[in-house]
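Below is one structure; the comments refer to it alone.
There are 4 protein chains.
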Amino acid sequence: MSDKAYRVFEEQQKERGIDLEKVKAKLKSFKVETPSWGYGDSGTRFKVFKQAGVPRNPFEKIEDAAQVHRLTGICPSVAVHIPWDKVDDYEKLKQHAAQLGVSIGAVNPNLFQDDDYMFGSVCNSDPNIRRKATDHLLECVEIAKVTGSDLISLWFADGTNYPGQADIRKRKHWMLEALTELYQAMTPDMRMLIEYKFFEPAFYHTDLADWGMAFNMATKLGEQAQVLVDTGHHAPGTNVEHIVAYLLDEKKLGGFHFNSRKYADDDLIVGAMNPYELFLIFYQMIDAAADPDREVRQTAENIAYMIDQSHCIEPKIPAMIRSVLNVQTQYAKALLIDLEKVRKAQRDQDVLAAEHAVREAFELDVTPLLQVVREEMGVPVDPMKAYFASGYADQILSRGKGGASW
Amino acid sequence: MSDKAYRVFEEQQKERGIDLEKVKAKLKSFKVETPSWGYGDSGTRFKVFKQAGVPRNPFEKIEDAAQVHRLTGICPSVAVHIPWDKVDDYEKLKQHAAQLGVSIGAVNPNLFQDDDYMFGSVCNSDPNIRRKATDHLLECVEIAKVTGSDLISLWFADGTNYPGQADIRKRKHWMLEALTELYQAMTPDMRMLIEYKFFEPAFYHTDLADWGMAFNMATKLGEQAQVLVDTGHHAPGTNVEHIVAYLLDEKKLGGFHFNSRKYADDDLIVGAMNPYELFLIFYQMIDAAADPDREVRQTAENIAYMIDQSHCIEPKIPAMIRSVLNVQTQYAKALLIDLEKVRKAQRDQDVLAAEHAVREAFELDVTPLLQVVREEMGVPVDPMKAYFASGYADQILSRGKGGASW
Amino acid sequence: MSDKAYRVFEEQQKERGIDLEKVKAKLKSFKVETPSWGYGDSGTRFKVFKQAGVPRNPFEKIEDAAQVHRLTGICPSVAVHIPWDKVDDYEKLKQHAAQLGVSIGAVNPNLFQDDDYMFGSVCNSDPNIRRKATDHLLECVEIAKVTGSDLISLWFADGTNYPGQADIRKRKHWMLEALTELYQAMTPDMRMLIEYKFFEPAFYHTDLADWGMAFNMATKLGEQAQVLVDTGHHAPGTNVEHIVAYLLDEKKLGGFHFNSRKYADDDLIVGAMNPYELFLIFYQMIDAAADPDREVRQTAENIAYMIDQSHCIEPKIPAMIRSVLNVQTQYAKALLIDLEKVRKAQRDQDVLAAEHAVREAFELDVTPLLQVVREEMGVPVDPMKAYFASGYADQILSRGKGGASW
Amino acid sequence: MSDKAYRVFEEQQKERGIDLEKVKAKLKSFKVETPSWGYGDSGTRFKVFKQAGVPRNPFEKIEDAAQVHRLTGICPSVAVHIPWDKVDDYEKLKQHAAQLGVSIGAVNPNLFQDDDYMFGSVCNSDPNIRRKATDHLLECVEIAKVTGSDLISLWFADGTNYPGQADIRKRKHWMLEALTELYQAMTPDMRMLIEYKFFEPAFYHTDLADWGMAFNMATKLGEQAQVLVDTGHHAPGTNVEHIVAYLLDEKKLGGFHFNSRKYADDDLIVGAMNPYELFLIFYQMIDAAADPDREVRQTAENIAYMIDQSHCIEPKIPAMIRSVLNVQTQYAKALLIDLEKVRKAQRDQDVLAAEHAVREAFELDVTPLLQVVREEMGVPVDPMKAYFASGYADQILSRGKGGASW
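Protein chains in written order, with full-length UniProt numbering: chain B, 1 to 406; chain D, 1 to 406; chain F, 1 to 406; chain E, 1 to 406.
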């Protein structure tokens, strides 16, 4: 049956003029990084519901991440958060990952959970605290050297809750100082990804509040600094795909933290609220990957796709698989856009035709395509079903409740 | 100096035709309830910063609340949250409060921190959990009987995170069932205040998401059920004062949870973000208190004004004092609106004159007025200064860190 | 090819346990009303771009609407706006429609374009203006009697731009007075649909600002009054499908004005911004149509589905066809939800399974299904292509520029 | 009485350590530009209510603007909009202004009302339309040379309504091309102010959607290009004062378009919705004016303060006076902030003290101060009252209805 479905799909795409082999090749080389913290317990300020089977340490987190990779075939790396994933021997962690078929990805410093950071970390008016925070950034570079990571992924909770609480301009300079020190400590193969966020945990001003602030920092720092777009970190209504296109054009888009939101930084399963937005983001990526400007193309092809979400009420591993599959689904759909048709309609200023040429790819059912791709990749055709059949969910119950959380 | 300032103020108000004695009388009888949980540690999902001196139990929370009342003279009652304020002997808690010059105010059931409530409390599809949740509501009525409270103040975290997760219509019926049982258990002097919230901790749908849903419940239940407006629980841009006026007209406004927000339910110090909005809410209250309809007037005069905020980075007691003073300030300003002038301009359809007649009261400096009122009430003229002079802040440091939190 | 695609689709749905014949029957009886004003020029406050071929009078508008019905087979009625569609002889307009195979649908009073309504229509503090406005409502009932319409569809622009500008509570009473008079003038077969709107053109308060206010009015009036949900009339982030479910449960949902928005009341082509939201609305409709409560089922089956959008830059007729097709597409997808599977997962409190059971229907490509349905209905398989092939677009160019607009 | 009030105020400020003479000097040199289009009729897409007395041509608009300056003493220049203010002889317009005691201020190109601009002006994919649009920009430079204006103030309506409608990256390049050409045409004394807007009239993407995009353009262009902040052009919740501080620090803030909003770009009277936000903007301005960096200080002192609002239901001239007075009021309050006290509290990380040190200035009643300042400037103590007493409002009625509008 799925064979028949794929043959119909194949014929359909041929008629549309889509080179399906190219699409399949793209899908096979597509990678999404999962975050170690996405396997632990998390919640809201009101409650963290503890689930049984949650990993108790960084090693177990990587084991869970390796399961996701085993089943999906597209998650070969795991982002770590320091100190959540602090271990005595990072070489050992790296080996552990390698043995499980994955690697350590982006290193994420954590500058919001130490008591000292109540009024900020790198933007704190206290120079000692700034020093401590910057030292932690440098520590992360050292860890990255050991783990073989080439990405330092930065999110700062720094901000204020009240007008007047702090000197906004001074804090901006302190931010740049810390980032400069970090930048200089990086090896030439490393990239720094600077994330921004509209609000939370700061409720008046956030030092890196929008893409413009992150972009400005990255521009001042140099080529190895780029912007990271977390899809949940914008004001209501913000056109995220526009920001993506803009940063691509500036060669300053470095990566994504995918998750889904309806209200604020809800950190839900990717694609759960507005899958079309995710598709439109990929449309911009794919369009830029065919840009006449070589540097734009390279930027588009060098994006770190990462998941960053919190599962408050969901079982962690299947929630992660769902997110990964949703990302893959929308990427697949975007690959099926007939870009030439879009561009022709754009040249003709035919609004309806242009809109339709994009949307028609979204309306395709890519299940048969993804099944074939998975088959050819040697991973389960239905990774979710395979997970539940694998027994892994039961096996980890022996870990009990009370695993890692944030 | 402040004498001179008051004499100028007095003259000014006389010229404006304001009966200052009436205003002062209103200010003296104005009451704001503070919440026991506002004295404990709180934070965001990212971090709860523990502060030294935070109360370790309900008795100490009431001691802190009593300080706020001693200094402001307008906070004679303390809301409690069960089980956060669970004690073996509520009679004893009541006595403790009485000895400190305060009383137990609204009883707030807590239906979001038990592991059973991961998928809802009174709206849970599991009848056993609904039963447990409803029993907790009934328990709160029993506590209220002992503490002499006449308000049951209800906020439900119930909701879902994903489309399809639950049957929205069934949950609505379960909500009504639980509230009906609670309603029937209340004594005739009790009131049930039903709070609503736009989102958080639920990120797809919240069972009581807006005033309309709370209002509908209250209408179905009867006269003893009313709506509670938390100023931070609305969608961006919502006109809160319109909702206030609307509910007043329906005789269904029961109380407020005051706090301030810029983004979501930020729970900041009252009046910190948009003091004008608070003033406009009081304008509606005062306007309704002069309504031709006696029942509307009674509704307006029977409002439970309560603070509900979280102090993530502020010292708790002075933050509470600041909120109380900000509420008092905006109430005082609203009392100085020349309602006759407003109404005349409204009759004339003179937009600019009407707007100005309201705003001009906001632009007054009510400091001299409040100082005189405080003097006459026998409380410190500057409660904040008095607090820091009192030594209380130092005294509570002996409690150490690690007090109550949520 | 499309035959093959349909056979695969059929097999697939059989495997999923879907009764495709039932789905097809539903799709054939599904109706969407198009608005006469959607065929005229419209724009923003900055500019109305005049397009060639726009209808010059109500008769031509109905001709265009009839084209949309001819091509889609699901738009047999046309909503009118008075006085935009004022004619000397409504009987003649009705005949004109009948000859073209359509009928006059909802009658929409217009209470915002007369100079008298600068400060409101039925909520104006001037009793003469209120009288004039109410008389217009009554006039619409008379028109409806002639045109055979059984729906009076009400949107009021009434509101204020500044705090203090008007007495919010009095305006609420005036609104009820006018609606009561209208209600009493309706014949027993008529329904009054009350629309609400978050803001615009009023920028401080809107008299009917949200579903709660419209619902409250409808409840006070009686069974023949219901709420109309315009999908663009909510605060950012509002869960529209929750409101839909809520109103269905109260038997007070009467109809929809479909359009799409990203920011405010953008009035874009339906489904252009977040097609998943539209699908989720239909999920609620379909779920309620299977409710154990007969009245809920009847409410769900008696909904007036209407388009209400402005085409600022699009050619009008194809934009309308696109909207109609998008509505049909999402309705078709929602009909393919395996409700039993959803409910089982809900009972099991299996969040991921429940979410997936809903979303999997959205991910289906319903093109083969819709093509077969259209074939069986005797309308073009691809209505958009058929429109461009029909020559109608060229034919209407003889109307020139400068047709009807608002 | 006002004398007494001022003496009390003076004493009070002395106690606070404020140098009142300095404050008065600042207030006397403060200037706000009013826009010619603010005197004409405007409205929403639903209706433009025509008012009697509205100016019929640019000369009459300047007459009205001159009245506002005569009464307030702080509005010596008038922004013009081309082609709305197109005249045969700009020298004559300049003379006319000079005779009335005002001058021509910023020149604002209009690139949204020509039929050619349906799909954009400088970002249109049609090179002929881009050329036409750019030529209009150049024309404005020529006009500025004649009128003696040194500001070209740019707002572009360019954007799209649908995903896929246009190539976002290409449009970005076209924008830069046009701006570069304009930049090169400017004389060295001219400045280009680049405005951004969240949405409207474009409903999917706006080419200059936020400060980051305007800033990036200004940075690429050079020193004579800066950003213009329109207070109504942001996403809900955006911290405007943060953006202001940020741009000041980058020496890239050039000016403001002041107006007030609750929902979208409501264009209401300045300060009508959240006066505290306006105050906080001025706090940032004043703080930057004391920055150690000379260039930051110069930037802060070289800001073009302009009003940009639409009066849909208000009489135009008094609405403008109200806006100007509200701006002046909040500026006066901000000048009374004890910056040293704020900074000390910031150094101490005393959140409550810092917040209070800012807010306490907002709570002052600056009426006595402004009255004295006006007296010393030789303008009416109460400009609004003076306007109504002047007879000007009656006099302009002879213009009849149907004046300039947009």
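Even glycine gets a Cβ: it sits at the ideal position worked out from N, Cα and C.
Helix, strand or coil at E/Pro318 [DSSP, three-state]: For the purposes of this step, residue 318 of chain E is identified with residue 318 of the fourth sequence, where counting begins at 1. If DSSP states are grouped into helix, strand and coil, E/Pro318 belongs with the helices.
Short-range partners of chain F found in the stretch 51 to 67 of chain B, where Cβ spacing is below 8 Å: none
Any chain E beta carbon closer than 8 Å to F/Cys123: On the third sequence, residue 123 of chain F is found 123 positions in, with the first residue counted as 1. No, because no Cβ of chain E sits closer than 8 Å to the Cβ of F/Cys123.
Chain F contact for E/Gln113 (CB, 8 Å cutoff): Within the fourth sequence, residue 113 of chain E is the residue found at index 113, counting from 1. Closer than 8 Å: yes.
Where the beta strand (DSSP E) containing F/Ser153 begins and where it ends: The residue given as residue 153 of chain F occupies position 153 in the third sequence. Looking at the DSSP string, the run of the beta strand (DSSP E) that includes F/Ser153 is 151 to 154.
Under 8 Å (Cβ pairs) to chain F, residues found in the stretch 150 to 182 of chain E: Ala157, Asn161, Tyr162, Pro163
Residues within the stretch 3 to 15 of chain F neighbouring chain B, beta-carbon criterion of under 8 Å: Lys4, Ala5, Val8, Glu11, Gln12, Glu15
Beta-carbon spacing of residue 420 of chain D, D/Asn259 below 8 Å: Only positions 1 to 406 of chain D appear in this structure, which leaves residue 420 of chain D out of reach.
CB contact flag (E/Gly400, E/Ala52, <8 Å): Stepping through the fourth sequence from its first residue, residue 400 of chain E is reached at position 400. Stepping through the fourth sequence from its first residue, residue 52 of chain E is reached at position 52. Contact flag set, yes.
As assigned by DSSP and simplified to three states, the class of B/Pro55: Here residue 55 of chain B refers to the residue found at position 55 when the first sequence is read from its first residue. Three-state result, B/Pro55: coil.
Any C-beta of chain B under 8 Å from that of E/His242: Working through the fourth sequence from its first residue, we reach residue 242 of chain E at position 242. Closer than 8 Å: yes.
E/Tyr276: contacting residues in chain F (beta-carbon distance under 8 Å): As a position in the fourth sequence, residue 276 of chain E is number 276, starting the count at 1. In chain order: nothing, as chain F lies at least about 14 Å away.
Residues of the stretch 21 to 45 of chain E with Cβ closer than 7 Å to any Cβ of chain F, in chain order: Gly43, Thr44, Arg45
Min CB distance D/Cys75 to chain B below 8 Å: Here the question's residue 75 of chain D lines up with position 75 in the second sequence. Taking Cβ atoms only, chain B never reaches closer than 8 Å to D/Cys75, which makes this a no.
For B/Arg7, the three-state DSSP class (helix, strand or coil): Along the first sequence, one-based indexing puts residue 7 of chain B at 7. Helix at B/Arg7.
Option nearest F/Val229 by Cα separation, candidates F/Pro109, F/Ala214, F/Glu223: Numbered from its first residue, the third sequence carries residue 229 of chain F at position 229. Checking every option, the nearest Cα to that of F/Val229 belongs to F/Ala214.
Listed by chain order, chain F residues near D/Tyr246 by CB distance under 9 Å: Counting from 1 along the second sequence, the entry for residue 246 of chain D is found at position 246. Within 9 Å Cβ-Cβ: Ile168, Arg169, Lys172, Ala209, Gly212, Met213, Asn216.
Where E/Asn128 falls, given that 16 or more other Cβ within 10 Å makes a residue buried: Numbered from 1 along the fourth sequence, position 128 holds the residue referred to as residue 128 of chain E. It is exposed - the Cβ of E/Asn128 has fewer than 16 other Cβ atoms within 10 Å.
Reference F/Trp84; option with closest CA among F/Gly101, F/Phe59, F/Thr72: Position 84 of the third sequence, counted from the first residue, corresponds to residue 84 of chain F. For F/Trp84, the nearest C-alpha among the options comes from F/Phe59.
D/Asn302 at chain F interface by Cβ criterion, 8 Å: Here residue 302 of chain D corresponds to residue number 302 of the second sequence, with the count starting at 1. So, not an interface residue.
Euclidean distance between Cα positions of E/Asp365 and D/Leu364: Taking the first residue of the fourth sequence as position 1, residue 365 of chain E is located at position 365. Taking the first residue of the second sequence as position 1, residue 364 of chain D is located at position 364. Looking at the two C-alpha atoms, the distance is approximately 5 Å.
CB contact check: F/Asp266 to chain E, cutoff 8 Å: The residue given as residue 266 of chain F occupies position 266 in the third sequence. Yes, contact with chain E.
Closer than 8 Å to chain E by CB, D/Ile313: Translated into positions along the second sequence, residue 313 of chain D becomes position 313. Output row for D/Ile313: interface = yes.
Where the beta strand (DSSP E) through F/Phe256 begins and ends: In the third sequence, the residue the question calls residue 256 of chain F occupies position 256. Here the beta strand (DSSP E) through F/Phe256 covers 253 to 258.
Residue range of the beta strand (DSSP E) that includes D/Met192: The residue you call residue 192 of chain D lines up with position 192 of the second sequence. Taken as a continuous stretch (DSSP letters only), the beta strand (DSSP E) holding D/Met192 covers 191 to 195.
Interface flag, B/Ala272 vs chain C, CB-CB below 8 Å: This model lacks chain C altogether, as its protein chains are B, D, F and E.
Cross-chain neighbours of B/Leu280 in chain E, by beta carbon under 7 Å: The count along the first sequence starts at 1 and reaches residue 280 of chain B at position 280. By Cβ distance, chain E contributes Pro163.
Interface flag, B/Phe256 vs chain E, CB-CB below 8 Å: Sequence index remark: in the first sequence, residue 256 of chain B carries index 256 (1-based). False, the Cβ-Cβ gap to chain E never drops below 8 Å.
Own chain partners of D/Met186 with C-beta closer than 7 Å, once the 5 adjacent residues on each side are dropped: If you number the second sequence from 1, residue 186 of chain D lands on position 186. Excluding residues within five positions, the ones whose Cβ falls inside 7 Å are Val141, Ile152, Met192, Gln224.
At least three beta-carbon pairs within less than 8 Å, the stretch 62 to 78 of chain D to the stretch 332 to 348 of chain D: no
First and last residue of the uninterrupted alpha helix (DSSP H) at F/Asn216: Within the third sequence, the letter at position 216 stands for residue 216 of chain F. Here the alpha helix (DSSP H) through F/Asn216 covers 211 to 221.
Beta carbon proximity, F/Glu363 to chain B, threshold 8 Å: Locating residue 363 of chain F in the third sequence gives position 363, counting from the first residue. Closer than 8 Å to some Cβ of chain B, the Cβ of F/Glu363 qualifies, so yes.
Interface positions of the stretch 129 to 143 of chain D facing chain E (Cβ-Cβ less than 9 Å), listed along the chain: none
Nonlocal neighbours in the same chain, by C-beta distance under 8 Å from D/Val102, ignoring five residues either side: Along the second sequence, one-based indexing puts residue 102 of chain D at 102. Result list for D/Val102: Ile62, Ala65, Ala66, His69, Cys75, Pro76, Ser77, Val78, in chain order.
Other residues of its chain near D/Tyr90: CB distance less than 7 Å, five sequence neighbours each side excluded: For the purposes of this step, residue 90 of chain D is taken as residue 90 along the second sequence, with counting starting at 1. These residues qualify, in order along the chain: Ile143, Val146, Thr147.
Partner residues on chain F for E/Glu200, Cβ-Cβ distance less than 9 Å: Taking the first residue of the fourth sequence as position 1, residue 200 of chain E is located at position 200. What E/Glu200 touches in chain F: Thr44, Arg45, Phe46, Tyr263, Ala264, Asp266.
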